[in-house]
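Student:
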Ligand SMILES: [Zn+2]
Ligand SMILES: [Zn+2]
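Numbering (our numbering), first residue to last: 13 to 254.
Written out as structure tokens, the structure is:
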């Protein structure tokens, strides 16, 4: 109790000296790691109804098994994929600085969103693995944003974090303007497993920042399952709406 009061007092002093601000627009907020109302309202959260397999939001409620047409046509290998926001102007204000502008301080607030909506999915995993960057891209970007998220989530939920099992075997072309088929070809056999023993018969949670067609996470899943993983779920911050 005494410690709690002391902690609160220290927090008040810090807040007085360094008042918390919104990490996107620097507007004053009540607590650290909190968006201001303006930036929060700009986010488009993905809510039900969505495809039970790939997480794609439906425009209207569908009765029955709630699987989208593309998953029915070709079922993804992963067990499920889920995302927090639609990748739009609102979420880009958070994601792009996190990904490209060294704003690694955003890891905390982004993990809060993931934990709030998908705590059960995270806690159910035996192992948390980030989608890897190829070594040259990692060198220029200096950090892997997916690894920052995966590491933080694993630490908070006491899951095993394995950043070195899944590797990219080659540099893949940027997929910005590719269609679904081209993306599939682009990532075909682009991953390998370095040390399979820590994923054999394990439930894997694969973390990435953005999912578009799902070609990358599906190829990662194929590689993980082939190496003996029991199942793979995918969790990303954003989903590109087609
Ligand atoms: Zn703001
Ligand atoms: Zn689907």
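Where a beta carbon is used, it is the ideal one built from N, C-alpha and C, also for glycine. Please read all numbers here as calculations on a predicted model, not as lab measurements.
Given this structure, state the Cα-to-Cα distance separating residue 142 from residue 231, to the nearest angstrom.
Tutor: As a first step, residue 142 is located in the chain shown; it is residue number 130 there, counting from the start. As a first step, residue 231 is located in the chain shown; it is residue number 219 there, counting from the start. Straight-line Cα distance between these residues: approximately 13 Å.
Student: Terminal residues of the continuous beta strand (DSSP E) containing residue 217?
Tutor: Within the chain shown, the letter at position 205 stands for residue 217. Here the beta strand (DSSP E) through residue 217 covers 215-223.
Student: Using 7 Å as the threshold, is the C-beta distance between residue 130 and residue 247 below it?
Tutor: As a first step, residue 130 is located in the chain shown; it is residue number 118 there, counting from the start. As a first step, residue 247 is located in the chain shown; it is residue number 235 there, counting from the start. Yes, these two residues count as a Cβ contact at 7 Å.
Student: Sort 138, 151, 111, 102 by Cα distance to residue 166 and report the nearest one.
Tutor: The residue given as residue 166 occupies position 154 in the chain shown. Residue 166 has its Cα closest to that of 138, out of 138, 151, 111, 102.
Student: In whole angstroms, what separates the C-alpha of residue 50 from that of residue 115?
Tutor: Stepping through the chain shown from its first residue, residue 50 is reached at position 38. Stepping through the chain shown from its first residue, residue 115 is reached at position 103. Residue 50 and residue 115: Cα-Cα distance of roughly 20 Å.
Student: If we require 4 or more residues per run, which alpha helix (DSSP H) segments fall completely within the stretch 71-108?
Tutor: If we require 4 residues or more, the alpha helix (DSSP H) runs fully inside the stretch 71-108 come out as 81-85.
Student: Using the rule of at least 16 other Cβ atoms within 10 Å of the residue's Cβ for burial, across every protein chain shown, is residue 85 buried or exposed?
Tutor: Taking the first residue of the chain shown as 1, we reach residue 85 at position 73. By the neighbour-count rule (16 or more Cβ atoms within 10 Å), residue 85 is not buried but exposed.
Student: Can you list, in chain order, the residues of its chain with a C-beta nearer than 6 Å to that of residue 264? Leave out the 5 residues immediately preceding and following it.
Tutor: The requested residue 264 is not part of the displayed model; the chain covers only 13 to 254.
Student: I need the straight-line Cα distance from residue 20 to residue 46, nearest angstrom please.
Tutor: Residue 20 sits at position 8 when you count from the first residue of the chain shown. Residue 46 sits at position 34 when you count from the first residue of the chain shown. The alpha-carbon atoms of residue 20 and residue 46 are separated by roughly 18 Å.
Student: Suppose the cutoff is 7 Å on Cβ atoms and the five residues either side in sequence are ignored; what does the same chain contact list for residue 97 look like?
Tutor: Position 85 of the chain shown, counting from 1, holds the residue named residue 97. Answer for residue 97: 55, 56, 57, 58, 103, 249, 250, listed in chain order.
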